[in-house]
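Protein chains: 6
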Amino acid sequence: MPNQVEEFNAYRLKMNDKILADDNKVIKRIFNLDTNAFKEGHLDVKTKELLGLVSSAVLRCDDCIKYHLESCYKEGISKEEVMETLSIATLIGGTIVIPHLRKAYEFWEELELNE
Amino acid sequence: MPNQVEEFNAYRLKMNDKILADDNKVIKRIFNLDTNAFKEGHLDVKTKELLGLVSSAVLRCDDCIKYHLESCYKEGISKEEVMETLSIATLIGGTIVIPHLRKAYEFWEELELNE
Amino acid sequence: MPNQVEEFNAYRLKMNDKILADDNKVIKRIFNLDTNAFKEGHLDVKTKELLGLVSSAVLRCDDCIKYHLESCYKEGISKEEVMETLSIATLIGGTIVIPHLRKAYEFWEELELNE
Amino acid sequence: MPNQVEEFNAYRLKMNDKILADDNKVIKRIFNLDTNAFKEGHLDVKTKELLGLVSSAVLRCDDCIKYHLESCYKEGISKEEVMETLSIATLIGGTIVIPHLRKAYEFWEELELNE
Amino acid sequence: MPNQVEEFNAYRLKMNDKILADDNKVIKRIFNLDTNAFKEGHLDVKTKELLGLVSSAVLRCDDCIKYHLESCYKEGISKEEVMETLSIATLIGGTIVIPHLRKAYEFWEELELNE
Amino acid sequence: MPNQVEEFNAYRLKMNDKILADDNKVIKRIFNLDTNAFKEGHLDVKTKELLGLVSSAVLRCDDCIKYHLESCYKEGISKEEVMETLSIATLIGGTIVIPHLRKAYEFWEELELNE
Numbered sequence: 001m002p003n004q005v006e007e008f009n010a011y012r013l014k015m016n017d018k019i020l021a022d023d024n025k026v027i028k029r030i031f032n033l034d035t036n037a038f039k040e041g042h043l044d045v046k047t048k049e050l051l052g053l054v055s056s057a058v059l060r061c062d063d064c065i066k067y068h069l070e071s072c073y074k075e076g077i078s079k080e081e082v083m084e085t086l087s088i089a090t091l092i093g094g095t096i097v098i099p100h101l102r103k104a105y106e107f108w109e110e111l112e113l114n115e
Numbered sequence: 116m117p118n119q120v121e122e123f124n125a126y127r128l129k130m131n132d133k134i135l136a137d138d139n140k141v142i143k144r145i146f147n148l149d150t151n152a153f154k155e156g157h158l159d160v161k162t163k164e165l166l167g168l169v170s171s172a173v174l175r176c177d178d179c180i181k182y183h184l185e186s187c188y189k190e191g192i193s194k195e196e197v198m199e200t201l202s203i204a205t206l207i208g209g210t211i212v213i214p215h216l217r218k219a220y221e222f223w224e225e226l227e228l229n230e
Numbered sequence: 231m232p233n234q235v236e237e238f239n240a241y242r243l244k245m246n247d248k249i250l251a252d253d254n255k256v257i258k259r260i261f262n263l264d265t266n267a268f269k270e271g272h273l274d275v276k277t278k279e280l281l282g283l284v285s286s287a288v289l290r291c292d293d294c295i296k297y298h299l300e301s302c303y304k305e306g307i308s309k310e311e312v313m314e315t316l317s318i319a320t321l322i323g324g325t326i327v328i329p330h331l332r333k334a335y336e337f338w339e340e341l342e343l344n345e
Numbered sequence: 346m347p348n349q350v351e352e353f354n355a356y357r358l359k360m361n362d363k364i365l366a367d368d369n370k371v372i373k374r375i376f377n378l379d380t381n382a383f384k385e386g387h388l389d390v391k392t393k394e395l396l397g398l399v400s401s402a403v404l405r406c407d408d409c410i411k412y413h414l415e416s417c418y419k420e421g422i423s424k425e426e427v428m429e430t431l432s433i434a435t436l437i438g439g440t441i442v443i444p445h446l447r448k449a450y451e452f453w454e455e456l457e458l459n460e
Numbered sequence: 461m462p463n464q465v466e467e468f469n470a471y472r473l474k475m476n477d478k479i480l481a482d483d484n485k486v487i488k489r490i491f492n493l494d495t496n497a498f499k500e501g502h503l504d505v506k507t508k509e510l511l512g513l514v515s516s517a518v519l520r521c522d523d524c525i526k527y528h529l530e531s532c533y534k535e536g537i538s539k540e541e542v543m544e545t546l547s548i549a550t551l552i553g554g555t556i557v558i559p560h561l562r563k564a565y566e567f568w569e570e571l572e573l574n575e
Numbered sequence: 576m577p578n579q580v581e582e583f584n585a586y587r588l589k590m591n592d593k594i595l596a597d598d599n600k601v602i603k604r605i606f607n608l609d610t611n612a613f614k615e616g617h618l619d620v621k622t623k624e625l626l627g628l629v630s631s632a633v634l635r636c637d638d639c640i641k642y643h644l645e646s647c648y649k650e651g652i653s654k655e656e657v658m659e660t661l662s663i664a665t666l667i668g669g670t671i672v673i674p675h676l677r678k679a680y681e682f683w684e685e686l687e688l689n690e
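Protein chains in written order, with this note's numbering: chain F, 1 to 115; chain C, 116 to 230; chain H, 231 to 345; chain B, 346 to 460; chain V, 461 to 575; chain X, 576 to 690.
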């Protein structure tokens with residue numbers, strides 16, 4: 001059975017490895033910053049992941065939404081909290097966010113099924 | 116033969132049903148508003164659908180374009196009127212809209228074929 | 231008394247003249263196309279101006295909104311039709327459109343006062 | 346002395362009143378939803394305000410940022426938490442967010458001064 | 461073996477032909493302008509293609525990125541120059557550009573393989 | 576006489592200093608990267624500044640446009656090259672870029688006057 005979560009991760013990791021193997025310092029540092037920015041600081045990891053999720057949703061980036069949905073799932077964030085975050089995204093970003101909401105919902109279902 | 120129109124509608128309806136079955140009031144109300152906003156008011160339904168189409172095109176949302184193209188088709192809006200609307204979208208939104216124009220054109224052809 | 235409408239038009243015309251006095255053919259042709267695209271065709275001028283207005287609103291461009299509001303006003307489009315168009319923009323584009331809705335409302339008031 | 350916070354609120358309230366006095370149901374309901382969406386639910390008010398702030402920042406809407414900064418301030422959110430939220434916005438949204446970061450910083454200073 | 465480059469070009473050309481066969485003057489002229497704007501002028505073709513590439517990347521349009529990547533490749537632009545251009549896009553446009561960076565990298569590999 | 580260039584720089588430097596005085600590592604590193612990314616590499620500084628300019632223009636960020644216009648000016652880039660870059664931005668980003676083109680043109684005039 002095709003598995004969206006595994007496919008997404010496999011492609012992401014394969015391409016990230018290739019990109020990072022190249023010697024572009026700006027890109028490397030941005031990837032590095034991305035890891036650091038979501039570590040616990042004044043805000044906890046859970047809040048930061050929700051910030052990443054809502055930003056990805058209002059900017060309508062499906063792959064970014066998937067990435068943060070998976071991190072949310074691993075952090076033990078509930079479906080209700082995720083949906084509340086996505087509802088704020090849909091209100092702020094408008095109905096143009098709805099197609100991404102559908103894909104997000106489907107991806108979350110796969111995350112739950114994968115367990 | 117794969118049929119883009121049917122596939123699009125089937126997925127949209129399936130996921131909308133799931134999303135609405137959840138008890139998120141903000142999302143439910145946004146879906147409701149979406150139905151109400153396109154009903155006849157000071158502007159007629161046809162004009163409103165063209166407003167929905169051009170907005171979807173400049174915001175470069177393929178699924179939103181498809182949704183409004185189908186509504187336009189059902190309202191009896193002509194291909195020439197749709198293309199004129201999309202030409203305004205391409206002028207205002209720039210050549211970055213062209214890839215969405217190609218997909219819109221293809222979807223309209225399928226709507227005509229489906230009859 | 232400061233007059234937003236006159237100030238906006240004076241600045242726009244002054245800078246457009248300077249830009250067009252330069253010999254950049256691509257820019258000249260885009261300005262030309264902009265005039266042609268909003269002329270009567272398969273769709274009437276009124277519908278096209280509303281398409282321009284809603285696109286400007288979802289793309290959140292205050293100056294573009296002002297420009298199309300003035301054209302709408304000159305075409306005899308009613309305040310109710312303008313507000314219905316802007317309500318669709320706010321639904322599709324999200325609450326992020328609201329600050330632009332406030333400025334649009336204020337500009338429309340000035341258009342009515344100027345008469 | 347000019348006061349950015351008071352000016353912003355005065356203009357916002359004046360125009361919101363005018364817009365809501367008109368009988369446009371879609372706009373009224375969106376304003377209503379906006380109030381409801383940020384009430385405590387599965388997520389607390391503080392988290393929701395940070396979600397509103399980060400969304401406003403990545404979408405680069407100065408007025409929306411100001412609105413959520415003031416709500417954050419009233420909720421007792423610390424400057425460090427606000428800056429961490431804005432740092433995530435700058436990473437996800439890119440350096441294009443920096444001009445909005447400068448204005449956000451200035452507005453926060455005024456919120457602190459106003460006390 | 462499926463070939464992304466050929467598939468992309470075949471679909472693009474097929475749909476462009478259909479769109480241009482229609483008698484929409486605004487669209488025709490925009491397509492025409494697109495050809496003219498990237499010809500040598502005060503800036504050389506190579507620089508213009510990089511401008512097209514970086515714009516497509518910050519606007520997150522995969523098809524536009526592919527189109528300019530192919531033109532860059534034909535102009536003899538090196539992979540290092542392309543990656544440096546995309547690194548600037550990722551910095552300015554934010555981490556939201558990264559999913560498009562992955563697809564761009566993959567497409568460039570196919571361009572090199574196709575030779 | 577008010578001077579747009581000096582005002583812009585004074586405000587930018589004052590706020591950047593305040594932001595960097597705070598101990599937010601993510602923001603500090605992004606500011607640092609911004610300096611590094613535009614240094615000579617596989618592409619020369621002039622080309623990189625034009626990449627920064629066109630990206631700022633299609634993303635419609637007035638302050639970012641001003642920043643790169645000043646760097647372009649200091650690098651000895653001609654007005655014709657700047658206008659050609661901005662014409663590509665207007666074609667790709669659409670007529671929605673025109674209000675930013677007007678402000679860019681005005682800022683460039685001030686840069687020339689300041690000499």
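For every residue, glycine included, the Cβ atom is placed at its ideal position computed from N, Cα and C. This one's a predicted model, so the numbers in the text were calculated from it and none came from an experiment.
Using only alpha-carbon positions, find the residue among C:H215, C:T210, C:V120 that is nearest to V:R489.
Reading the fifth sequence from its first residue, position 29 is the one you call residue 489 of chain V. Taking only the C-alpha atoms, the option nearest V:R489 is C:T210.
Measure the Cβ-Cβ separation of F:I92 and B:G397 and say whether it is below 8 angstroms.
On the first sequence, residue 92 of chain F is found 92 positions in, with the first residue counted as 1. On the fourth sequence, residue 397 of chain B is found 52 positions in, with the first residue counted as 1. Taking C-beta atoms as the reference points, F:I92 and B:G397 count as a pair closer than 8 angstroms.
Whether or not the stretch 46 to 64 of chain F and the stretch 78 to 89 of chain F are in contact is what I'm after, with contact meaning three or more pairs of Cβ atoms, one per stretch, closer than 8 angstroms; do they touch?
The answer is yes - the stretch 46 to 64 of chain F touches the stretch 78 to 89 of chain F, with three or more Cβ pairs under 8 angstroms.
Can you pull the chain B neighbours of C:A152, defined as C-beta to C-beta under 8 angstroms?
Stepping through the second sequence from its first residue, residue 152 of chain C is reached at position 37. Those are V371, listed as they occur along chain B.
B:N381 - DSSP class collapsed to helix/strand/coil
If you number the fourth sequence from 1, residue 381 of chain B lands on position 36. Residue state, collapsed to three classes: helix.
Would V:C532 and V:L510 be called neighbours here (beta carbons separated by less than 8 angstroms)?
For the purposes of this step, residue 532 of chain V is identified with residue 72 of the fifth sequence, where counting begins at 1. For the purposes of this step, residue 510 of chain V is identified with residue 50 of the fifth sequence, where counting begins at 1. Cβ atoms of V:C532 and V:L510: closer than 8 angstroms.
Taking just the CA atoms, how far does B:E420 sit from C:P214?
The residue given as residue 214 of chain C occupies position 99 in the second sequence. The residue given as residue 420 of chain B occupies position 75 in the fourth sequence. Cα to Cα, the separation comes out at about 45 angstroms.
Three or more C-beta pairs closer than 8 angstroms, one from the stretch 288 to 296 of chain H and one from the stretch 168 to 185 of chain C: is that the case here?
Pairwise C-beta distances place the stretch 288 to 296 of chain H in contact with the stretch 168 to 185 of chain C, as three or more of them are shorter than 8 angstroms.
Contact set between X:I605 and chain C, taken where Cβ atoms lie within less than 7 angstroms
In the sixth sequence, the residue the question calls residue 605 of chain X occupies position 30. The premise fails here: X:I605 is roughly 25 angstroms from chain C at the closest Cβ pair, so nothing lies under 7 angstroms.
When you compare the stretch 21 to 38 of chain F with the stretch 607 to 615 of chain X, are there three or more beta-carbon pairs, one atom per stretch, that lie closer than 8 angstroms?
yes
Own chain, CB closer than 8 angstroms to H:L299, minus 5 neighbours either side, in chain order
Walking along the third sequence from the start, residue 299 of chain H turns up at place 69. Excluding sequence neighbours, H:L299 sits near L283, V312, A334, F337, W338, L341.
Would you mind giving the Cβ-Cβ distance between H:N344 and H:N233, rounded to the nearest angstrom? I have them listed as a contact below 8 angstroms.
Taking the third sequence and counting its residues from 1, the one referred to as residue 344 of chain H is at position 114. Taking the third sequence and counting its residues from 1, the one referred to as residue 233 of chain H is at position 3. About 7 angstroms; that satisfies the 8 angstroms criterion.
CB of X:F606 within 8 angstroms of CB of X:L595, strictly:
Position 31 of the sixth sequence, counting from 1, holds the residue named residue 606 of chain X. Position 20 of the sixth sequence, counting from 1, holds the residue named residue 595 of chain X. In this structure, X:L595 lies closer than 8 angstroms to X:F606 by Cβ.
Any C-beta of chain V sitting closer than 8 angstroms to the C-beta of C:T210?
Within the second sequence, numbered from 1, the residue matching residue 210 of chain C stands at position 95. For C:T210, the answer is yes, since a Cβ of chain V falls inside 8 angstroms of its Cβ.
Nearest to H:H272 (by Cα), restricted to the options C:T200, C:L148, C:K133, C:V212
The residue labelled residue 272 of chain H in the question sits at position 42 within the third sequence. When each option's Cα is compared against that of H:H272, the closest is C:T200.
Between which two residues does the alpha helix (DSSP H) holding F:G93 run?
Within the first sequence, numbered from 1, the residue matching residue 93 of chain F stands at position 93. First-last of the alpha helix (DSSP H) with F:G93: 79 to 93.
Grouping DSSP H, G and I as helix and E and B as strand, with all else coil, what is C:D158?
Mapped onto the second sequence, residue 158 of chain C falls at position 43. The sequence given here has Leu at residue 158 of chain C, not Asp. C:L158 falls in the coil class under three-state DSSP.
Using a Cβ-Cβ cutoff of less than 7 angstroms, which residues in the same chain neighbour H:V327 once the five nearest sequence positions on both sides are dropped?
What you label residue 327 of chain H is simply residue 97 of the third sequence in a count that begins at 1. Excluding sequence neighbours, H:V327 sits near A287, V288, R290, A319, T320.
Check for me: the alpha helix (DSSP H) holding B:L456 runs from which residue to which?
Numbered from 1 along the fourth sequence, position 111 holds the residue referred to as residue 456 of chain B. Unbroken alpha helix (DSSP H) run through B:L456: 443 to 459.
Kindly indicate if chain V contains any beta-carbon less than 8 angstroms away from that of H:L263.
For the purposes of this step, residue 263 of chain H is identified with residue 33 of the third sequence, where counting begins at 1. Yes, contact with chain V.
Whole angstroms is fine: what's the gap from F:L33's alpha carbon to H:A240's?
As a first step, residue 33 of chain F must be located in the first sequence, where it is residue number 33. As a first step, residue 240 of chain H must be located in the third sequence, where it is residue number 10. So the two alpha carbons sit approximately 46 angstroms from each other.
Quick one: Cα of V:K526 to Cα of X:D637, how far?
Stepping through the fifth sequence from its first residue, residue 526 of chain V is reached at position 66. Stepping through the sixth sequence from its first residue, residue 637 of chain X is reached at position 62. So the two alpha carbons sit approximately 28 angstroms from each other.
Residues in the stretch 441 to 455 of chain B having any Cβ partner in chain X nearer than 7 angstroms
I441, P444, L446, R447, Y450, E451
Grouping DSSP H, G and I as helix and E and B as strand, with all else coil, what is C:G167?
Position 52 of the second sequence, counted from the first residue, corresponds to residue 167 of chain C. Here C:G167 sits in helix by DSSP.
Give the interface partners of C:L174 over in chain F, defined as CB-CB distance under 9 angstroms, in chain order.
Residue numbering aside, residue 174 of chain C sits at position 59 when the second sequence is read from its first letter. Near C:L174 (Cβ distances below 9 angstroms), the residues of chain F are R60, G94, I96.
If you draw a straight line from the alpha carbon of H:E236 to that of C:I192, how long is it in whole angstroms?
If you number the third sequence from 1, residue 236 of chain H lands on position 6. If you number the second sequence from 1, residue 192 of chain C lands on position 77. C-alpha separation (whole angstroms): 38 angstroms.
Taking DSSP as the reference, what is the three-state secondary structure of V:R520?
The sequence position of residue 520 of chain V within the fifth sequence is 60, counting from 1. Reduced to three states, the DSSP call for V:R520 is coil.
How would you list, in chain order, the residues of chain F whose beta-carbon sits under 8 angstroms from the beta-carbon of H:L321?
Counting from one through the third sequence, the residue named residue 321 of chain H turns up at place 91. The contacting residues are G94, T95.
Backbone secondary structure at H:E237 - three-state DSSP
Numbered from 1 along the third sequence, position 7 holds the residue referred to as residue 237 of chain H. If DSSP states are grouped into helix, strand and coil, H:E237 belongs with the helices.
Using a C-beta cutoff of 8 angstroms, does F:M1 count as contacting chain B?
Along the first sequence, read from residue 1 onward, the residue named residue 1 of chain F stands at position 1. Interpretation of F:M1 is limited by its pLDDT of 45, a score under 50 that renders its predicted location unreliable; the figure taken from the coordinates is listed afterwards. So no, F:M1 is outside the interface.
Let me know the secondary structure DSSP gives C:D137 once reduced to three states.
Taking the second sequence and counting its residues from 1, the one referred to as residue 137 of chain C is at position 22. Coil at C:D137, not helix or strand.
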